[in-house]
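Notes for the one structure printed next.
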Amino acid sequence: MPRSDTPARAVAPWVRTRLRTAPWAAAALALLVLVTAYLAAALPRAVDRYETEGLQHDIRAAAPRDAVLELTTPIPVGERGHGLAPAVLQGQEDRARELLPEPIRTDPRQTVHGVRTVKRVEGTDAWLPRPDGISPEFVLSSPSRLTEHATLRAGRLAAGSAAAPEAVVTTRTAASLHLKPGSVVHVPSKSSATPIAVTVTGVVEPRGLTTPYWAVEPLLGTPALAPLVGVEVKYYWQGALLLSPSSAAAVLSTSSELEVFFRFMPTAGHLTGRDTDRLGAALDSATGGPDLVKLRKAVGGGNAALTTELDSITDSYLSMRRAIDPVVAVAVFGIGAVAAVVLAMTGGLFVARRDSELALIRSRGASLTGIGLRLLGETSAVTVPAAALALGLAVLTVRPPGGSGEIPLTPSVLAVLTVALLATLVLPARAVVAHRRPRLHGGRDDVLTARPSRRRTVVELTLLVLAVGAVASLRLRGTGDSGDHLVSAAPVLVGLIAASVLVRIYPLPLRWLGRPARRLRGVVGPLALARAGRSSSSGTLPLLALVLALSTAAFGGSVLAGVADARDRAALLATGADARVGGSVEWTPLPAGLTEEVRGLRGVRDVAPVQIEYGVALPSSQGTSAQPMSAPIVGVDPDSYTRLAGRTGFGPFSAGLLASTGRGGEDAVADTGRVLPAIASPSVAERLGDAPKEIVSAAGVFKVKVVAVRSTTPALDEADFLLVNGADLTHRADTSLLVTGSVDGAALRAAVRAKAGGAGSGSLVVAMRSEARATYVDSPLQSGAERIYLGAIGAGAALAVVAVLLSLLKSAPERTTFLARLRTMGLTRKQSRRLLGLEALPQAVLAALGGMLVGWATVPLLAPGIDLVRLALAAAPGFAPLDGAPLRADPWSLLLPALAVVVLTGLAAVAQAWWAARRGSIKELRAGDAR
């Protein structure tokens, strides 16, 4: 037959052949890359999302009077009212709203303009209520869009003119100031002795007093009984007359200063966490920059001013974010390092499985470049689609909050590319390094005989220097610099050093245990130790992965435990106990029998009644030359209060320190020479000195002598206090109850209402520690950061499991063959399971101990540089009753993951022995098999 000139295709494409011959390995690699790349891509999107939610939450949750943008311009002298016409003001409002710089956007439904008196004007009518003989004062204001925010309840809406002004009032104003449709309120005029008569034409009901329309200026909807402080305190009414827009020019005749106002309520739905700098710059420009000049031209007022507290809200948000971001970065670096090690282990597993194949190809003349490119094609065919799918899943599942802009793709793309490159290059790189020279058989590479190279020693010393520098920097400077990634990587560097040290000392316990084990009667123990010692010295990566995963979990658990402790302590310091019953105003005596009623409630273990009197003047050991000082005096029952102080840890003391003098009660009024033992705060003790000092208070006149000093006490969250035995007070009247136990808040409040009765129940307040604790978690920044830490702990645990499985899979063929040979020599199935379990345990136990030690040591090393106050508490540090929230080691986070690793390793080894026993020995011991 004639030969064809076209050569036949002899072989199938390499990549397709490899994927078809090892589909499960390719699928496992694809799954690992998919999960790892998804976590890497989702992380920056999740951080961006909770930062955006945090900014939007802070703006929405702020008081309307703080968030509002208010543009005001004084009305010039000589204004005749033409510029106050409703159409003119509406046009100015529209132009000003359009000129607000991006990203400032406002809600048109809550935008309002009008004319008002800067100072309140007096109501001169004799029929107006005067509680202490002082005439009421009114704000004259003509807010726009009144009909959209109020419902007419009586009369009609105001119309009128500048000559005959008309107004409406709210229902609360009408009830408090005795106003009704047809009432005429006279206010002074600046141009004549004839007062201005304002006719009330109707009564309106506000549609939500908490909406910005009413909340920015509460007096418009709700009158206030204001105090006038003088020789004695007197009260008078303040209210508002809501003029019609057509009557706005009437204010020109009043004796008060006048201004035009435009109120713009900002919206937050379009803002993202990345807009903080733009928002700050826009606010600066609008309040004192080029945009303010444009606004002044728009409203025709050269002296117009824009005021807002929105910049303070943004600054507070940025302060919390800067405090939280470095703490979150510690978790990100930890889990990222574990993921990188696991990907490197995956490449090592594939290289080990294909070592003979690659050695054969290399011995037949294949170049390193050719081998590397072929392996690169194999892995990229698996990792690239998996990484692309992971990116798509991350974009679909982690969406921006509704209404805000899209989350940038760049950080997620870079993270996915990093994972894909690492997963793609690790197999070719390790194969090229392992097969630099052609070889048929490799030499022994045992843990007991291996000697670290000089290059490895240099790398370990470099990591040691970096770790020491990072820990020292973190202890000295803290996590204040969010861009200092070396500081954030401090726990990872400590874990790397610990893993390197563990690898170096790993042979020592094996040598120590090997000799005594030879004297055992059984063969399993000595053989298992010998096998563990002959394991490859390349087992550094499994140990490193486990140590990093366990230390990351331990550090994350310590962060969460520190956060929980800070919230618990802050809530306990705020309430003093699990629950607190007290008056809404100072010196409100508790009703008789309330203590016994509360003590009998279900779940109540103890009740400590206290009597608190605030603002008691304290004498000084320095005489009259000292500055005045006052502090609360707390009368306590020593037995119950000592138990409470001991349980809470706030200033515990022995009950004997406040032993009763037996000279209290009403009969002690004239006995001013008695001396009461007292426990004082440091500053109060310093002021009183060692000698008895006389105290003049509503509870009695007596002398006190400081017998002990404590910095805190459960009854008060203030810095200064003075504790005495309540039985020694002249006028004994408990004002608060401190309740210990799992009491139900609803039942406690019901008991207080029933005992106080009707009107008196409103003066008593029940505070629950659980409710106070909940107030410290109100920002998505906090909850988002906590979710990141929980995710880091979960991902670290999952990657630790993967590391254990990869470590066992790498040596599975060799172990299976070894077991088959031993089975032919009489080894039982039970002994096979024990052998593999004991062989795998030394490295697992070492990793567990190393992870626990590193996690435990990392906490005291890094605790001085990490303060969790902003992560734990919603408000600024000065608001919360805590000085700090340090890290603390969490025993459960240390023990549980470590025990789980040991148990999992043992179970996996036993499962492998069981599976090898099922397969039998014939297949593993074929003639000519070189394994």
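Sequential numbering of the sequence shown, starting at 113, is according to the numbering used here.
Heads up, the beta-carbon is just placed ideally off N, CA and C, and yes, glycines get one too.
Query	Result
Out of Leu850, Ala152, Leu684 and Leu472, which has the shortest C-alpha to C-alpha gap to Thr530?	Ala152
For Ser524, which three-state DSSP category applies?	helix
When you compare the region 274-282 with the region 231-248, are there three or more beta-carbon pairs, one atom per stretch, that lie closer than 8 Å?	no
The alpha helix (DSSP H) that contains Lys815, what's its start and end?	That residue, Lys815, is in no alpha helix (DSSP H); its beta strand (DSSP E) goes Gly812 to Val821.
Out of Ile617, Ala863 and Gly758, which has the shortest C-alpha to C-alpha gap to Leu706?	Ala863
Can you round the beta-carbon distance between Leu835 and Ile791 to whole angstroms, since I take them to be within the 8 Å contact cut?	4 Å
Quick one: what's got a C-beta closer than 7 Å to Ala1001's C-beta in the same chain, skipping five residues either side?	Ser670, Trp968 and Val971
For Tyr76, count neighbouring Cβ atoms within 10 angstroms of its own Cβ and tell me buried if that reaches 16, exposed if not.	The requested residue 76 is not part of the displayed model; the chain covers only 113 to 1043.
Is it the case that the Cβ atoms of Thr218 and Met377 are separated by a distance below 8 Å?	yes
Assign Pro892 to one of two classes, buried (16 or more other C-beta atoms within 10 Å of its C-beta) or exposed (fewer than that).	buried
Given that a residue counts as buried once 16 or more other Cβ atoms are within 10 Å of its Cβ, and exposed if not, what is Trp349?	buried
Taking contact to mean 3 or more Cβ pairs, one atom from each stretch, closer than 8 Å, check whether the region 539-547 and the region 466-480 are in contact.	yes
Count the other CB atoms within 10 Å of the CB of Leu850; is the residue buried (16 or more) or exposed (fewer)?	buried
Nearest CA to the CA of Ala502: which residue from Leu144, Ala932 and Leu934?	Leu144
Alpha carbon to alpha carbon, how far is Arg899 from Val525? Give it in angstroms, no decimals.	22 Å
Excluding the 5 residues preceding and the 5 following Glu249 in the sequence, name in chain order all residues of the same chain whose CB lies nearer than 6 Å to its CB.	Arg232, Glu234 and Gln350
Considering just the uninterrupted stretch of the alpha helix (DSSP H) at Glu951, what are its terminal residues?	Arg941 to Leu974
Based on Cα-Cα distance, which residue from Arg759, Leu1007, Asn837 and Gly747 lies nearest to Ala771?	Asn837
Kindly list the residues whose CB is nearer than 7 Å to the CB of Pro61, restricted to its own chain and excluding five residues on each side of it in sequence; keep chain order.	Outside the displayed range of the chain (113 to 1043) lies residue 61, so it cannot be described from this structure.
Please confirm if the region 1005-1022 is in contact with the region 941-960, defined as three or more CB-CB distances below 8 Å between the two stretches.	yes
Quick check on the DSSP output: what are the complete beta strand (DSSP E) runs of length 3 or more inside the region 688-742, in order along the chain?	691-695 and 716-729
Please report the distance separating the alpha-carbon of Val819 from that of Asp832.	16 Å
Can you give me the start and stop residues for the beta strand (DSSP E) that Ser479 sits inside?	No beta strand (DSSP E) contains Ser479, which DSSP labels as neither H nor E.
Is there contact here, the region 252-266 with the region 301-319, by at least three beta-carbon pairs under 8 Å?	yes
Helix, strand or coil, according to DSSP, for Leu269 in the structure here?	coil
Starting from Glu518, follow the alpha helix (DSSP H) in both directions and report where the run begins and ends.	Neither: Glu518 is in no alpha helix (DSSP H) and is coded neither H nor E.
Going by Cα to Cα distance, which pick from Ala532, Ile483 and Leu472 is closest to Pro497?	Ala532
If you draw a straight line from the C-alpha of Ser919 to the C-alpha of Ala449, how long is it?	17 Å
Ordered along the chain, which non-local residues of its own chain (more than five positions away) have a Cβ less than 6 Å from that of Arg172?	Ala380
Residues bridged to Ile791 by DSSP?	Ala820 and Leu835
Whole-angstrom Cβ separation of Thr495 and Leu141, contact assumed at under 8 Å?	7 Å
When we look at the beta-carbon of Ile745 and count the other beta-carbons within 10 Å, is it buried (16 or more) or exposed?	buried
Taking DSSP as the reference, what is the three-state secondary structure of His547?	coil
Taking the Cβ atom as the reference point for each residue, do Ile483 and Arg476 lie within a distance shorter than 8 Å?	no
At a cut-off of 7 Å, would you count Ala393 as near the ligand SAM, judging by its Cβ distance to the nearest heavy atom?	Among the components modelled here there is no ligand, and therefore nothing to report on the ligand SAM.
Give the straight-line distance between the Cα atoms of Thr133 and Gln943, rounded to the nearest whole angstrom.	34 Å
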